[in-house]
Amino acid sequence: MADEQDQTCMNQIKTVCVYCGSGPGTNPHFVEAAIALGKILAENGVSLVYGGGSLGLMGAVAKSALDHGGSVIGIIPDFLKTREHAMARVQELIVTPDMHERKRLMFERSDAFVALPGGVGTLEELVEQLTWQQLGRHTKPVLLANIAGFWEPLLALLAHMRATEFIRPTLSVDILKAERVEDILPRLRAAAARAPEGTKEMAPELARRL
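Each number in this note's numbering comes from the position in the sequence shown (counting from 1) with 5 added on.
So this is what it looks like as structure tokens:
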């Protein structure tokens, strides 16, 4: 019984990293989803880790979490503080010297990852986590918030990569998907509960080498 309780405790989702655009996008559902996700995280006592800006979807998810009493950790590189209007309201704002340090800290501070709609930066951060997961460096859940079908082209590309055997069966990409914001946290929690221990946490020195 004690072992089961320890396992449950170790696999709890206490912090979620949200990757998303610094713009609002063309579909109002994108901003609505960001606001809803921030509210859900706050109401469930789950801290938000995000890119530190106050614009676009980034700003929407963080402001919503804060407005509903949530805890927010913003991690932003120094050169983006002005461009993306670093949010001063957050409980913890970490300014890094570069993007690599930002991504390393976002990984270390998070139990799971969610990708809302976004651009090249969002895609790059998402794919990096999928790559590390595929190579067995971590078992933290990674989920696509497929709002208004935004991520369908990427899902089609991943299917094509499997079909052409560039994603081999022995190196499968275990990516979660949710069309509805209210399904995100339950799916992350279920995946975390299934994850084997031992590879969930990547050693900081290993993360730096990657």
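Even for Gly, the Cβ is constructed at its ideal location relative to N, Cα and C. Bear in mind that the values here come from a model prediction, so they are computed numbers and not experimental data.
Through-space distance from residue j to residue i, alpha-carbon basis
{"i": "G280", "j": "T136", "result": "Summary: the structure shown does not reach residue 280, with the chain confined to residues 6 through 215, and so no result is reported for it."}
{"i": "G50", "j": "V186", "result": "16 Å"}
{"i": "I40", "j": "V66", "result": "5 Å"}
{"i": "S59", "j": "I189", "result": "23 Å"}
{"i": "F112", "j": "A195", "result": "20 Å"}
{"i": "R167", "j": "G126", "result": "24 Å"}
{"i": "A223", "j": "V54", "result": "The structure shown does not extend to residue 223, since the chain spans only 6 to 215, so no value can be given for it."}
{"i": "C22", "j": "F171", "result": "28 Å"}
{"i": "R107", "j": "W156", "result": "24 Å"}
Contacts around residue i, its chain only, beta-carbon distance under 6 Å, and the 5 residues preceding and following it disregarded
{"i": "G28", "result": "G61"}
{"i": "P158", "result": "none"}
{"i": "Q134", "result": "F118 and V147"}
{"i": "E97", "result": "I78"}
{"i": "N32", "result": "A153"}
{"i": "M104", "result": "P82"}
Three-state secondary structure (DSSP) of residue i
{"i": "V3", "result": "An answer regarding residue 3 cannot be provided, because it is not within the stretch 6 to 215 covered by the chain."}
{"i": "A47", "result": "helix"}
{"i": "F155", "result": "coil"}
{"i": "L60", "result": "coil"}
{"i": "P122", "result": "coil"}
{"i": "K19", "result": "coil"}
{"i": "P201", "result": "coil"}
{"i": "S52", "result": "strand"}
Residue environment, residue i, which counts as buried when at least 16 other CB atoms sit within 10 Å
{"i": "F84", "result": "exposed"}
{"i": "P82", "result": "buried"}
{"i": "G1", "result": "Residue 1 lies beyond the range of the chain shown here (6 to 215); nothing can be said about it."}
{"i": "A164", "result": "exposed"}
{"i": "R173", "result": "exposed"}
{"i": "L162", "result": "exposed"}
Close-in-space but distant-in-sequence residues of the same chain around residue i (CB under 8 Å, 5 per side omitted)
{"i": "A197", "result": "N16, Q17, I18, D116, A117, K145 and P146"}
{"i": "H90", "result": "G58, S59, L60 and G64"}
{"i": "H73", "result": "G43, K44, A47 and E48"}
{"i": "P102", "result": "P82 and D83"}
CB-CB length for residue i against residue j, believed under 8 Å
{"i": "A200", "j": "R192", "result": "Rounded, the Cβ-Cβ distance is 13 Å, inconsistent with contact."}
{"i": "V95", "j": "I78", "result": "7 Å"}
{"i": "S52", "j": "S69", "result": "Going by Cβ atoms, the distance from S52 to S69 rounds to 14 Å, so no, they are not a contact pair."}
{"i": "L149", "j": "A38", "result": "Not quite, the Cβ-Cβ distance comes to about 12 Å (not below 8 Å), so this is no contact."}
Other residues of its chain near residue i: CB distance less than 7 Å, five sequence neighbours each side excluded
{"i": "D179", "result": "Q138"}
{"i": "T169", "result": "none"}
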